[in-house]
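Chains as they are written, first to last, in our numbering: chain A, 1 to 266; chain B, 267 to 532.
Backbone N, C-alpha and C fix where the C-beta goes; we use that ideal spot for every residue, glycine too.
Report on one structure; see the data block that follows.
There are 2 protein chains.
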Amino acid sequence: MLIVGELINSSRKAIAQALEARDEAYLKDLAKKQVEAGAHIVDVNCAIFMEKEPEVMEWLVGIVQEAVNVPLCIDTPNVAAMEVGLKCHKGRPMINSITGEKKRWDDMIPLVSEYKPQVVALCMDDTGMPNSVEDRLRVADRLVNGLVQAGLPEEDIYLDPLIKPVGVSGTAAIEVVETTRILKEKYPKVHVISGLSNISHGLPVRKVLNRAFAVMCVQAGMDAFIADPLDRHLMSLFYAAEALAGRDKNCLQYIKASRAGKVVAE
Amino acid sequence: MLIVGELINSSRKAIAQALEARDEAYLKDLAKKQVEAGAHIVDVNCAIFMEKEPEVMEWLVGIVQEAVNVPLCIDTPNVAAMEVGLKCHKGRPMINSITGEKKRWDDMIPLVSEYKPQVVALCMDDTGMPNSVEDRLRVADRLVNGLVQAGLPEEDIYLDPLIKPVGVSGTAAIEVVETTRILKEKYPKVHVISGLSNISHGLPVRKVLNRAFAVMCVQAGMDAFIADPLDRHLMSLFYAAEALAGRDKNCLQYIKASRAGKVVAE
């Protein structure tokens with residue numbers, strides 16, 4: 001399983017302020033903490049800076065790569081910021097994200113061809129947010145075919161089925177679970193990834209919903225998460241769910257994590 | 267969802283001691299705490315007392331029913347203790363358990379016919395513990411047919427697929443999840459119940475595995491659990507999992523529980 005640490009995101013107030021103040025120490029520390037806690041990739045998002053986003057992205061990628069020795073996930077819908085991020089990133093990054101929307105696709109696909117990053121591809125197109133399993137599968141097919149045609153191996157594709165809040169749609173979680181199960185059957189080499197937290201939007205004690213949803217997604221075969229690795233209960237459940245789903249031979253990773261103090265009950 | 271509070275069980279040392287000392291206050295308090303925390307039924311087990319079990323069961327049922335206003339689950343493989351428990355229980359109890367083993371079936375079925383309790387029926391027979399989904403389904407068919415023939419409505423049957431430790435068999439959790447899904451499709455009125463904790467036998471930080479397994483079981487349609495209601499993280503995940511599984515319209519039970527302080531993140 002792959003964990004993309006989600007915390008360096010400018011939609012969070014503390015991060016926006018730290019970015020504004022170019023608070024290198026704070027951001028580096030947060031990157032390090034996420035990696036220590038189990039993040040395999042660190043997400044970097046500075047989308048609120050609008051026309052200054054490329055400049056901030058260049059600075060951010062630079063300082064975070066000084067702090068940690070894992071790939072970053074360049075997280076932006078802005079092509080100029082994405083290109084800057086890809087250009088200055090040392091080694092091969094992940095990008096978040098491409099979609100099936102025509103303009104976004106046409107803008108991003110040359111960057112995919114040139115830099116061959118790992119790619120998060122959202123299951124939406126110009127018809128808007130998906131409303132069913134079928135919507136997601138239809139867009140997923142186009143995304144996988146298009147990315148493979150652009151030269152990307154299936155192993156580098158991370159399909160994001162897109163999460164709606166369960167408070168808005170009672171079937172939101174079930175749809176994602178079902179989509180994941182079908183996608184993993186159809187494309188065993190392609191990964192399925194999600195940002196968990198949208199599921200709990202508008203509801204109380206969101207972390208608990210996010211954690212339960214994470215377990216359901218693991219069981220369905222989801223193998224990558226954009227998540228908060230500092231939530232120790234969430235990380236504990238990830239280890240447990242992998243063992244229960246039969247993806248951790250002899251529970252060795254679970255036992256190892258528990259010995260390292262990474263599986264906690266309280 | 268139905269929660270059977272599992273804590274008054276003589277296999278736990280503190281309980282064995284309290285039963286030995288006839289410590290009424292301690293046992294009553296534990297029954298009350300479980301009901302306050304969300305147990306709908308309180309399990310009572312005094313199986314370690316062997317030939318004295320019927321006598322202890324009579325006392326135990328009496329004092330626990332003085333303390334709480336919910337049905338008890340008379341938990342014993344011993345027919346004499348079961349009969350005493352059924353006889354002295356006020357109102358209709360649950361019993362745990364009947365199996366497909368010939369002797370146990372023949373012993374217990376007259377009690378089922380006479381007292382019409384809710385019945386936990388374990389998916390095992392004289393061939394031993396089930397080793398596959400098919401084993402469980404085969405025994406489940408016989409149990410459901412036999413219990414219905416004995417006059418029990420399907421709604422009063424709780425099939426227990428039986429949990430093996432995931433540390434022993436990597437497919438232990440998946441088999442139970444799959445069995446549950448099929449049983450709920452085949453017998454929508456029959457309940458599926460489990461004691462969670464066997465899944466984590468022999469592994470560290472057992473509660474975390476039990477919790478993740480609970481979420482997977484809820485998603486598969488399991489609707490009753492023999493569990494520790496004092497584990498607030500477990501109970502929180504139950505509420506969340508029901509909402510995510512689409513079994514809590516507009517997340518109302520989740521919201522209500524969170525307002526009552528029953529959904530906790532830390």
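Check: C-beta atoms of Lys382 of chain B and Gly417 of chain B nearer than 8 Å; Outcome: yes
Check: Assigned secondary structure, Thr446 of chain B (DSSP; H/G/I helix, E/B strand, else coil); Outcome: helix
Check: Exposed unless 16 or more other CB atoms sit within 10 angstroms - verdict on Leu252 of chain A; Outcome: exposed
Check: Under 8 Å between C-beta atoms of Val61 of chain A and Val44 of chain A; Outcome: yes
Check: Leu475 of chain B - DSSP class collapsed to helix/strand/coil; Outcome: helix
Check: Straight-line gap, Glu36 of chain A to Arg358 of chain B (C-alpha atoms, nearest Å); Outcome: 54 Å
Check: Simplified DSSP state of Gln158 of chain A, which is helix, strand or coil; Outcome: Gln is not the amino acid found at residue 158 of chain A; the sequence shown has Tyr there. Here Tyr158 of chain A sits in strand by DSSP.
Check: For Ile3 of chain A and Pro229 of chain A, believed in contact at Cβ under 8 Å, the rounded distance; Outcome: 6 Å
Check: Proximal residues, the stretch 160-187 of chain A versus chain B, C-beta separation under 9 Å; Outcome: Val166, Gly167, Gly170, Thr171, Ala172, Ala173, Ile174, Val177
Check: Nearest-angstrom Cβ-Cβ length linking Val443 of chain B and Cys483 of chain B, presumed shorter than 8 Å; Outcome: 7 Å
Check: Top-ranked residue by Cα proximity to Ile267 of chain A, from A:Gly170, A:Val168, A:Val166, A:Ile95; Outcome: Outside the displayed span of chain A (1 to 266) sits residue 267 of chain A, for which this structure offers no information.
Check: Selected residue, minimal CA-CA separation from Met374 of chain B, among B:Leu409, B:Gln331, B:Pro396, B:Ala478; Outcome: B:Leu409
Check: Alpha-carbon spacing of Met1 of chain A relative to Glu349 of chain B, whole angstroms; Outcome: 51 Å
Check: Residue interval of the beta strand (DSSP E) (run including Val119 of chain A); Outcome: 118-125
Check: Residue range of the alpha helix (DSSP H) that includes Met108 of chain A; Outcome: 102-115
Check: C-beta atoms of Ser536 of chain B and Glu441 of chain B nearer than 8 Å; Outcome: Beyond the ends of chain B as shown, which are 267 and 532, falls residue 536 of chain B; an answer cannot be given.
Check: For Ile199 of chain A and Ile163 of chain A, believed in contact at Cβ under 8 Å, the rounded distance; Outcome: 5 Å
Check: Boundaries of the beta strand (DSSP E) in which His457 of chain B is found, first to last residue; Outcome: 457-461
Check: Neighbour list for Gly268 of chain A in chain B, Cβ cutoff strictly below 8 Å; Outcome: Residue numbering for chain A in the displayed model covers 1 to 266; residue 268 of chain A lies beyond these limits and cannot be assessed.
Check: Nearest candidate by alpha-carbon position, reference Ser97 of chain A, set A:Ala121, A:Glu24, A:Ala47; Outcome: A:Ala121
Check: For Leu377 of chain B and His355 of chain B, believed in contact at Cβ under 8 Å, the rounded distance; Outcome: That pair is no contact at about 12 Å.
Check: 4-residue-minimum alpha helix (DSSP H) runs that sit fully inside the stretch 2-53 of chain A, ordered along the chain; Outcome: 13-20, 24-36
Check: Residues sharing a beta bridge with Ile226 of chain A, DSSP; Outcome: A:Val4, A:Gly195
Check: Span separating the alpha-carbon of Asp125 of chain A from that of Leu196 of chain A; Outcome: 21 Å
Check: Of the listed residues A:Val263, A:Lys33, A:Ala220, nearest to Gly246 of chain A (C-alpha basis); Outcome: A:Ala220
Check: Chain A contact for Phe479 of chain B (CB, 8 Å cutoff); Outcome: yes
Check: Rounded straight-line distance, which links the Cα of Ala439 of chain B to that of Val474 of chain B; Outcome: 14 Å
Check: Short CB-CB distance (under 8 Å) between Val410 of chain B and chain A; Outcome: no
Check: Val134 of chain A versus Ala81 of chain A: straight-line alpha-carbon distance, rounded; Outcome: Rather than Val, the amino acid found at residue 134 of chain A in this sequence is Glu. Each residue's alpha carbon lies about 32 Å from the other.
Check: Status (buried if at least 16 other CB within 10 Å, exposed otherwise) for Ser435 of chain B; Outcome: exposed
Check: Candidates A:Asp231, A:Lys262, A:Arg206, A:Ser258: closest to Ala507 of chain B by CA position; Outcome: A:Arg206
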